[in-house]
Amino acid sequence: MNNILTVFWKEVRENLRDRRTVLNTLLTGPLIAPLMFALVINASISRELAKAEKPLPVPVVGAEHAPNLIAALRRAGAQIKDAPADPERAVREQDADLVLRIPAAYAKSWAAGEPAQVEIIHDQSQRDAQGPVLRLQAMLSAYAQQNGALRLVARGISPNVMRPLVVADRDQSTAQTRSGGMFSMLPYFFILGVFIGGMALAIDTTAGERERQSLEPLFVNPVRRGALLTGKLGATTAFAFTTLVLSIVAFAVAARFMPTDKLGISLQLGLQFACGTLLVMLPLTVLLATLQTLAAAFAKSFREAQTYLSLLMFVPAVPTMLLSLYPVKTQAWMYAVPLMSQHVTMIRLMRGDAVTPGDFALCVATTTLAALVAVLLTAWVYRGERLAISA
Amino acid sequence: MIEVDDLHKTFGAVKAVAGVSFTARDGEITGLLGPNGAGKTTTLRMLYTLMRPDRGGVRVDGIDAAADPLAVRRRLGVLPDARGLYKRLSARENIDYFGRLQGLDAATRAHRIDELARSLDMGDILDRPTEGFSQGQRVKTAIARALIHDPRNVILDEPTNGLDVMATRAMRGFMRALKAQGRCVLFSSHIMQEVGALCDRIVVIAHGRVVADESPAQLRAQTGAASLEDAFVQIIGSEEGLAA
């Protein structure tokens, strides 16, 4: 036990003196993700809000053919503008989100009571332009419905004849559940923080020691390899866990600056979220730190270890990507799969959904088991006699 | 005392060590001489239990290395071929770390560090971070941390490697002092003059085998060669890998 603590404190002390490691653990890991996240969310929320309220600029070709339609669009909040010389090209080159074209035949068809065609020129691959396109479509179809109803009334027919079916939207989502979709990336940021926080130590304590030729002298001391490894894993885990705690704090602070309430959604990043997340992340932190150390133990140099760990960094992204591609209902088995269980638990906590003690227990137990297997495997690699040899 | 009995070690198809036996006695300096790649470092690694021999055994002060490696390591002070320091720690912290791992209490560690710093003449570098140390300063620190627990047996793998003339002289003086204290000193080298000047016994290794185990004078007499250099070349059978 004394030996484990000796190794632990030496690794902690040595790495606290490394400015780059400290920056990664205390700053980059915990801060970059929430900052980026707050920026992205802020930008997209403000953009959505701005678009919904602002007048919609609509460049129109042939406005003179349909003065009534134009007047109706103006009333609905459109800002009619002169169209560019080549509408198709302007849209393709993103000079305009959309262009409305009213053909010369419009007036004739309208007067004859035949369907009059208008064209919306847009580019569906431009996500930014989809909001304006939908708004314009809604304005046009409202105008069409209104005039259709008037024509029926003029012929003495109830407009209801044209509406055999009325679809009413009854959205069952709550403010919390709506935020879930938007924030499903969030758990990955926490897991990534843990990864970044432990990376420097995982490399330094094994591949780094070997590259600096200090592992062989260390192994000559009358201390079991298992004790050395435990101290090193402890130090790596401690750094990674520090990063996690700081990211939770950083996210809680960042959430205050996100105008989520304007969208009618809310995030529960309070004490309950913090405690639940720390609980489920603790065994995962050990597991990730051990896997990082294991990967670093196979590397012959610092650089090689960095390459391995960068590849390993994609692994935690897998459940996040799967769950955002296939947003399936939370199933019991998900709590039994490390990484996925943390993801699911964090999402549910964030949305204010219940996570039962049983779910917590399953998540912690399976991840602890996985961590234990990883530790034993690493200990086995650590006992190998080639491990210490630098050259 | 270190007793080595018929060590064998194979890496894949390469027989690195194929039957090495010798004894290094207390109060003597034993030199392990051989060309580069002769199996010196591998032999030493088996002595300090970093590697397990395929065959044969090692006894340190009568303790079997295979049966109780931790007890053997407690009785050994080892300067391995790899002698990296922790750059972000001071020399004192480097030495102290190994003292803790040897299980020494704080008072003993402080006392031993003072003692070693005096005999290795490293007083002014003790509290500096080891980043930027010269080769000689690094070796001094590495030796101090290897000897923090006051071991009876000292193993040095190419201790003068990379040292300048003054540092080499100091190192030889230090090894003689260890001998005078009654310790068993075993070191490896591929430099003949060094071995000739220092050793009470010379164990010559070539191709993983012991080809001679004598005192320097006996070695010269046995081969009838005028100089040690000629004697070595005669014993090893080639001049490859030796440095004058």
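Protein sequence lines correspond, in order, to chains P and S. Using our numbering, read the first sequence as starting at 252 and increasing by one per residue. Using our numbering, read the second sequence as starting at 1148 and increasing by one per residue. Built from N, CA and C at the ideal position, the CB exists for glycine as well. No experiment lies behind these values; they were computed from the predicted model shown.
Excluding sequence positions up to five away, which residues of its chain have a Cβ less than 7 Å from the Cβ of residue i?
| i | result |
| --- | --- |
| isoleucine 223(P) | In the structure as shown, chain P starts at 252 and stops at 642, and residue 223(P) therefore has no counterpart that could be examined. |
| leucine 563(P) | Leu542, Gln543, Ala546 |
| lysine 1162(S) | Gly1355 |
| phenylalanine 502(P) | Pro285, Leu520 |
| alanine 347(P) | Pro310, Pro335, Ala341 |
| proline 534(P) | Val615, Thr618, Thr619, Ala622 |
| proline 1363(S) | Gly1343, Cys1346, Ile1349, Leu1375 |
Output needed for residue i: all residues of its chain with C-beta closer than 6 Å, excluding positions within five of it in sequence on either side, in chain order.
| i | result |
| --- | --- |
| valine 358(P) | It should be pointed out that residue 358(P) corresponds to alanine in this sequence rather than to valine. Hits under 6 Å: His316. |
| methionine 1269(S) | Lys1287 |
| arginine 1292(S) | Asn1241, Ile1242, Phe1245 |
| glycine 482(P) | Ile255, Val258, Phe259 |
| arginine 1221(S) | none |
| valine 626(P) | Thr541 |
| leucine 1217(S) | none |
Measure how close the beta-carbons of residue i and residue j come, nearest whole angstrom, since I'm counting them as under 8 Å.
| i | j | result |
| --- | --- | --- |
| leucine 349(P) | isoleucine 371(P) | 6 Å |
| aspartate 1360(S) | phenylalanine 1169(S) | 5 Å |
| glycine 1105(S) | valine 1342(S) | In the structure as shown, chain S begins at 1148 and stops at 1391. Residue 1105(S) is therefore absent and cannot be evaluated. |
| phenylalanine 441(P) | methionine 532(P) | 7 Å |
| glycine 399(P) | methionine 413(P) | 6 Å |
| leucine 1251(S) | histidine 1296(S) | 6 Å |
| methionine 1339(S) | phenylalanine 1280(S) | Contact doesn't hold; Cβ gap of about 29 Å is too wide. |
| glutamine 1249(S) | proline 473(P) | 7 Å |
Within a Cβ cutoff of 8 Å, which residues of the same chain sit near residue i, ignoring the five residues on either side of it in sequence?
| i | result |
| --- | --- |
| glycine 449(P) | Thr487, Thr488, Phe490, Ala491, Thr494, Thr536, Leu539, Ala540, Gln543 |
| methionine 1198(S) | Lys1156, Thr1189, Arg1192 |
| arginine 1247(S) | Arg1256 |
| glycine 1194(S) | First, the residue type needs correcting, since residue 1194(S) is leucine and not glycine in the sequence shown. Result list for leucine 1194(S): Ile1149, Val1151, Val1205, Val1207, Ala1212, Leu1223, Ile1302, Leu1333, in chain order. |
Give a yes or no on whether the C-beta atoms belonging to residue i and residue j are separated by under 9 Å.
| i | j | result |
| --- | --- | --- |
| lysine 551(P) | glutamate 462(P) | yes |
| aspartate 1201(S) | lysine 1156(S) | yes |
| arginine 352(P) | valine 311(P) | yes |
| leucine 1333(S) | alanine 1289(S) | no |
| aspartate 1228(S) | threonine 1188(S) | yes |
| isoleucine 1176(S) | arginine 1285(S) | no |
| aspartate 1274(S) | alanine 1238(S) | yes |
| alanine 568(P) | leucine 443(P) | yes |
| asparagine 1300(S) | valine 1207(S) | yes |
| isoleucine 1302(S) | leucine 1180(S) | no |
| leucine 529(P) | valine 496(P) | yes |
| glutamate 452(P) | tyrosine 633(P) | The sequence shown places leucine at residue 452(P), rather than the glutamate named in the question. It is not a contact, given that the beta carbons lie outside the stated cut-off. |
| serine 1335(S) | threonine 1190(S) | yes |
| valine 1205(S) | valine 1151(S) | yes |
| glycine 527(P) | methionine 597(P) | yes |
| histidine 373(P) | alanine 380(P) | yes |
| isoleucine 499(P) | phenylalanine 524(P) | yes |
| threonine 581(P) | glutamate 262(P) | no |
| proline 438(P) | threonine 571(P) | yes |
| leucine 574(P) | serine 424(P) | no |
| glutamine 368(P) | alanine 355(P) | no |
| arginine 1319(S) | proline 1298(S) | no |
| aspartate 1304(S) | valine 1225(S) | yes |
| alanine 1317(S) | glycine 1283(S) | yes |
According to a CB-to-CB cut-off of less than 7 Å, which residues of the segment 1227-1250 of chain S neighbour chain P? Pro1227, Ala1229, Arg1230, Gly1231, Leu1232, Tyr1233, Arg1235, Leu1236, Tyr1244, Phe1245, Arg1247, Leu1248, Gln1249
If you measure beta-carbon to beta-carbon, which residues of the segment 464-475 of chain P are closer than 9 Å to chain S? Gln464, Ser465, Leu466, Glu467, Pro468, Leu469, Phe470, Val471, Asn472, Pro473, Val474, Arg475
Taking a cut of 7 Å between CB atoms, which residues from the segment 1184-1203 of chain S lie near chain P? Tyr1195, Leu1197, Met1198, Arg1199
Segments of 4+ residues assigned as alpha helix (DSSP H) that fall wholly inside the segment 1306-1345 of chain S: 1312-1327, 1339-1345
Of the residues that make up the segment 260-290 of chain P, which ones have a beta carbon closer than 7 Å to any beta carbon in chain S? Lys261, Glu265, Arg268, Asp269
Determine which residues of the segment 1274-1298 of chain S have a Cβ less than 9 Å from any Cβ of chain P, and write them out in chain order. Pro1276, Ala1289, Arg1292, Ala1293, His1296
Given a limit of 7 Å on CB to CB distance, which residues of the segment 615-640 of chain P reach chain S? Glu636, Ala639
Relative to chain P, which residues along the segment 1345-1369 of chain S have a C-beta separation below 8 Å, given in chain order? none
Whole alpha helix (DSSP H) runs in the segment 463-510 of chain P with 4 or more residues, listed along the chain? 466-470, 476-507
Continuous beta strand (DSSP E) assignments of at least 3 residues falling wholly in the segment 1218-1255 of chain S: 1223-1226
Quick one: which residues of the segment 430-461 of chain P get their C-beta closer than 8 Å to a C-beta of chain S? List them in chain order. Glu460
Going along the segment 471-505 of chain P in order, which residues come within less than 8 Å of chain S, judged by CB to CB distance? Val471, Asn472, Pro473, Val474, Arg475
4 or more residues per run - each alpha helix (DSSP H) lying fully within the segment 551-622 of chain P: 553-563, 568-576, 591-602
List in chain order: all unbroken alpha helix (DSSP H) runs of 4+ residues lying wholly within the segment 253-297 of chain P. 253-267, 270-274
Whole runs of the alpha helix (DSSP H) within the segment 310-372 of chain P, excluding any shorter than 4 residues: 318-326, 338-343, 357-363
If you measure beta-carbon to beta-carbon, which residues of the segment 1255-1270 of chain S are closer than 8 Å to chain P? none
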